Amino acid sequence: MFRSLNLLSVIVLLLFYLSICVGAFNLLRRQLVSIPRAPPPLDDNPGESLFLTSYLEIGQIDLARNLSQVHLQPAYSYPSYSVYLTVNKTCGPDASSLFGLFSEHGPIRVDKDEQLYSSNITWNSKYHLLFIDQPVDTGFSFTADDRCYVHTEDEVARDLYVMLIQFFQIYYEYAMCDFYATGESYGGEYVPAIVYKIHRENPQAKLKINLKGMAIGDGLVDPYNQGDYGPAMYQMGLIDQRQLEYINLLTSLAREAIWEGQYRQAYSIFGDLFDNIYSNMTGMIDAENYLRTDFPEELFYYIPWVMASEHRRQIHVGNMTYNDGEKVQIALQDDAMQSIASKVALIANSNYKVLIYSGLLDVIIFSSVTMNWVDKLEWNYANQLRAAERVIWKVKEDDQEVAGYLKRANSFFLAWIRNAGHSIPCDQPRAVFDLIDRFISAS
Numbered sequence: 000m001f002r003s004l005n006l007l008s009v010i011v012l013l014l015f016y017l018s019i020c021v022g023a024f025n026l027l028r029r030q031l032v033s034i035p036r037a038p039p040p041l042d043d044n045p046g047e048s049l050f051l052t053s054y055l056e057i058g059q060i061d062l063a064r065n066l067s068q069v070h071l072q073p074a075y076s077y078p079s080y081s082v083y084l085t086v087n088k089t090c091g092p093d094a095s096s097l098f099g100l101f102s103e104h105g106p107i108r109v110d111k112d113e114q115l116y117s118s119n120i121t122w123n124s125k126y127h128l129l130f131i132d133q134p135v136d137t138g139f140s141f142t143a144d145d146r147c148y149v150h151t152e153d154e155v156a157r158d159l160y161v162m163l164i165q166f167f168q169i170y171y172e173y174a175m176c177d178f179y180a181t182g183e184s185y186g187g188e189y190v191p192a193i194v195y196k197i198h199r200e201n202p203q204a205k206l207k208i209n210l211k212g213m214a215i216g217d218g219l220v221d222p223y224n225q226g227d228y229g230p231a232m233y234q235m236g237l238i239d240q241r242q243l244e245y246i247n248l249l250t251s252l253a254r255e256a257i258w259e260g261q262y263r264q265a266y267s268i269f270g271d272l273f274d275n276i277y278s279n280m281t282g283m284i285d286a287e288n289y290l291r292t293d294f295p296e297e298l299f300y301y302i303p304w305v306m307a308s309e310h311r312r313q314i315h316v317g318n319m320t321y322n323d324g325e326k327v328q329i330a331l332q333d334d335a336m337q338s339i340a341s342k343v344a345l346i347a348n349s350n351y352k353v354l355i356y357s358g359l360l361d362v363i364i365f366s367s368v369t370m371n372w373v374d375k376l377e378w379n380y381a382n383q384l385r386a387a388e389r390v391i392w393k394v395k396e397d398d399q400e401v402a403g404y405l406k407r408a409n410s411f412f413l414a415w416i417r418n419a420g421h422s423i424p425c426d427q428p429r430a431v432f433d434l435i436d437r438f439i440s441a442s
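Numbering that gives the first Met the number 0 puts the sequence shown at residues 0 to 442.
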C-alpha cells in the first residue's frame, strides 16, 4: 500500500485544537483556568516580543533570522525559531503553537517540575515542523482590535497564507521543501481551507508553496453528517436506551438547525452535549478518550513553563498574555457548524495527497461519524475508496500489537488507530509518526 520515496518535507501543524473545538474546547479550557496566563509581574524581565514583518519589509532578512533563533540547549538541539508575524496591519500578528510542540509531535516535553527533556518520538526527527497559533488570540497570538477576529475559515486561510509567504521569504531554505498541512479536531475545517487557498494562489503567486497534501486527525469537517453521536455512544455502552433517545433528540435538533442555517443554535446544542450532558450521563469529564475519566495532567505541564519570564525571553513573546481562545470561539460560532467537505473533494480531485485518520477511543469525533462524511464525499475515486480492502497495520512487521488499519484509493488514505482517543499523537505517538511517515513517503 505504501511505496517509499525519499522526500524532504515541511509539515505545517495547524493545531487549532486549543483555539476552538466543539465539545473539546470548554473541556480543555477547564484545565487551563487554574494556571495564571496574565502577563508576568512588572519586576520580572520577560524580554521583548519579536515582530519580524518590519524587518522583512526593509530587506533585513538575515538580521530577522538571527534574532528569531531559539536556544533551549541541551534538551532542544534542533535549529528552531520563534517569532510574531503580522498578518493584518490594521489588526494583529500571529505566533507559534505550543500544545503540539510540547505535548504531541515536538522534540521536547516539560515534566511536572517544569524541566525540559527530549521526546523519545518526534516528527522533527525526520521532518521540519512549523507550529502556528491561529486564529489570532489563540495562545500567544493576539489582536488589539476586536474587529480583527476572524469569523470564517476563509478569513483564517487568508491570514495563514500571508503568514506562510512571510515565513518562506525569511526562512528561504525551506521554500522548495514538499509542504504538507496537518491538523486535528477543529483543524479539520482549517486544514482544507489553507490547502485550498494555496492551491488557488499558487498559479499566479511570485513565491509558490510546494504543496503536496494534507492530513486530518479526528477532524470536524462536516458537522451535519458527523452529528449522529447517539448510536456510537450507545454501542460503546456509554449510555442506555433511555439516554440514547434523549441524545438522538438533541442531535436531531442540532442537525435540523444546521440544515436551516441556524449555525449558532446547532453549536450551542453540540457544545452542551459534551460540556454537560456527557459528563452527567457517564461521570467522566474527558470525552477525548472513553477509557479515561479526566484529562492527563501531564498534557498541560508546559503552560507554567511558558509563563516564566526566562522562557518568555527565549521564545521571544515578551509580556504577551497567553490566551485560552474564548473570544475566538465566540467569533467562529457561525462558521463552526458549516461543512468544508466540498473543499476536501476538490483537493482530492486535484491529486493532492489526503490522509484522514481516527482514534478508535475518541468520543468527540467517533471514527464512525468520520466515516459518515467520508462515505458521502463526492470525488473521482469515491467508489474505489469504498471498495478498497482495509488492511491490518503494524508499525513493524514483527510487532505483536496491531497499530490499526489502513485503506487507500488513488491519493486518498484512511487510517484507524487503536488505543487512541481524540489527541492521537498523545496516546499513540509511535503509531502516528509511522502513519505520517508512510503517508508522506507513499508514491
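For glycine and all other residues, C-beta sits at the position ideal for the given N, C-alpha and C. For clarity, every value in this text was computed on a predicted model and none was experimentally measured.
Complete alpha helix (DSSP H) runs within the segment 241-275 (minimum length 4 residues, chain order): 262-271
Gly236 - DSSP class collapsed to helix/strand/coil: Within the sequence shown, the letter at position 237 stands for residue 236. Coil, per DSSP.
Span of the alpha helix (DSSP H) around Trp372: Along the sequence shown, read from residue 1 onward, the residue named residue 372 stands at position 373. First-last of the alpha helix (DSSP H) with Trp372: Ser366 to Lys375.
Buried or exposed by the 16-neighbour rule on C-beta atoms within 10 Å, applied to Thr292: As a working mapping, residue 292 is identified with position 293 in the sequence shown. Exposed is the call here.
Alpha-carbon spacing of Asn322 relative to Asn288, whole angstroms: Your numbering for residue 322 matches position 323 in the sequence shown. Your numbering for residue 288 matches position 289 in the sequence shown. So the two alpha carbons sit approximately 25 Å from each other.
Contact the segment 192-200 vs the segment 224-235: 3+ CB pairs below 8 Å: no
C-alpha distance - Ile302 paired with Tyr380, whole-angstrom precision: In the sequence shown, the residue the question calls residue 302 occupies position 303. In the sequence shown, the residue the question calls residue 380 occupies position 381. Cα-Cα distance, rounded: 44 Å.
Extent of the continuous alpha helix (DSSP H) to which Val212 belongs: Along the sequence shown, one-based indexing puts residue 212 at 213. Rather than Val, the amino acid found at residue 212 in this sequence is Gly. Per DSSP, Gly212 belongs to no alpha helix (DSSP H); it is in the beta strand (DSSP E), Leu210 to Gly216.
Between the CA atoms of Glu400 and Ala330 - distance to the nearest angstrom: Numbered from 1 along the sequence shown, position 331 holds the residue referred to as residue 330. Numbered from 1 along the sequence shown, position 401 holds the residue referred to as residue 400. Computed Cα separation, rounded: 43 Å.
Touching by the beta-carbon criterion (3+ pairs, under 8 Å), the segment 305-312 and the segment 153-163: no
Pairwise C-alpha distance: Asp274 and Glu183: Stepping through the sequence shown from its first residue, residue 183 is reached at position 184. Stepping through the sequence shown from its first residue, residue 274 is reached at position 275. Cα-Cα distance, rounded: 19 Å.
Bridge partner(s) assigned by DSSP for Asp398: What you label residue 398 is simply residue 399 of the sequence shown in a count that begins at 1. Paired residues: none, contrary to the question.
Start-end ranges of the alpha helix (DSSP H) lying completely within the segment 118-202, minimum 4 residues: 152-169 and 186-200
Beta-ladder partner(s) of Lys352, from DSSP: For the purposes of this step, residue 352 is taken as the residue at position 353 of the sequence shown. In the DSSP output, where bridge partners are listed per residue, Lys352 has Gly212.
Extent of the continuous beta strand (DSSP E) to which Ile107 belongs: Within the sequence shown, the letter at position 108 stands for residue 107. Its beta strand (DSSP E) spans residues Ile107 to Val109.
C-alpha distance - Asn348 paired with Val390, whole-angstrom precision: As a working note, residue 348 is residue 349 in the sequence shown. As a working note, residue 390 is residue 391 in the sequence shown. Computed Cα separation, rounded: 24 Å.
Straight-line gap, Tyr170 to Tyr80 (C-alpha atoms, nearest Å): The residue given as residue 170 occupies position 171 in the sequence shown. The residue given as residue 80 occupies position 81 in the sequence shown. Their backbone Cα atoms lie some 10 Å apart in a straight line.
Lys352 to Asp333 span [Cα, whole Å]: Indexing the sequence shown from 1 puts residue 352 at position 353. Indexing the sequence shown from 1 puts residue 333 at position 334. Rounded to the nearest angstrom, the two C-alpha atoms are 29 Å apart.
Beta-carbon contacts of Ile339 that lie in its chain and below 7 Å, excluding the five residues immediately before and after: Counted from its first residue, the sequence shown places residue 339 at position 340. Cβ within range, chain order: Glu152, Glu188, Pro191, Ala192 and Val220.
Phe294, enclosing beta strand (DSSP E) - first and last residue: Taking the sequence shown and counting its residues from 1, one reaches residue 294 at position 295. Neither: Phe294 is in no beta strand (DSSP E) and is coded neither H nor E.
Cβ-based burial, Met235 [other Cβ within 10 Å; buried from 16]: Within the sequence shown, numbered from 1, the residue matching residue 235 stands at position 236. The residue in question, Met235, is exposed, as its Cβ has fewer than 16 Cβ neighbours within 10 Å.
Buried/exposed call for Ser117, threshold 16 Cβ in 10 Å: For the purposes of this step, residue 117 is taken as the residue at position 118 of the sequence shown. The residue in question, Ser117, is exposed, as its Cβ has fewer than 16 Cβ neighbours within 10 Å.
Touching by the beta-carbon criterion (3+ pairs, under 8 Å), the segment 408-425 and the segment 99-109: yes
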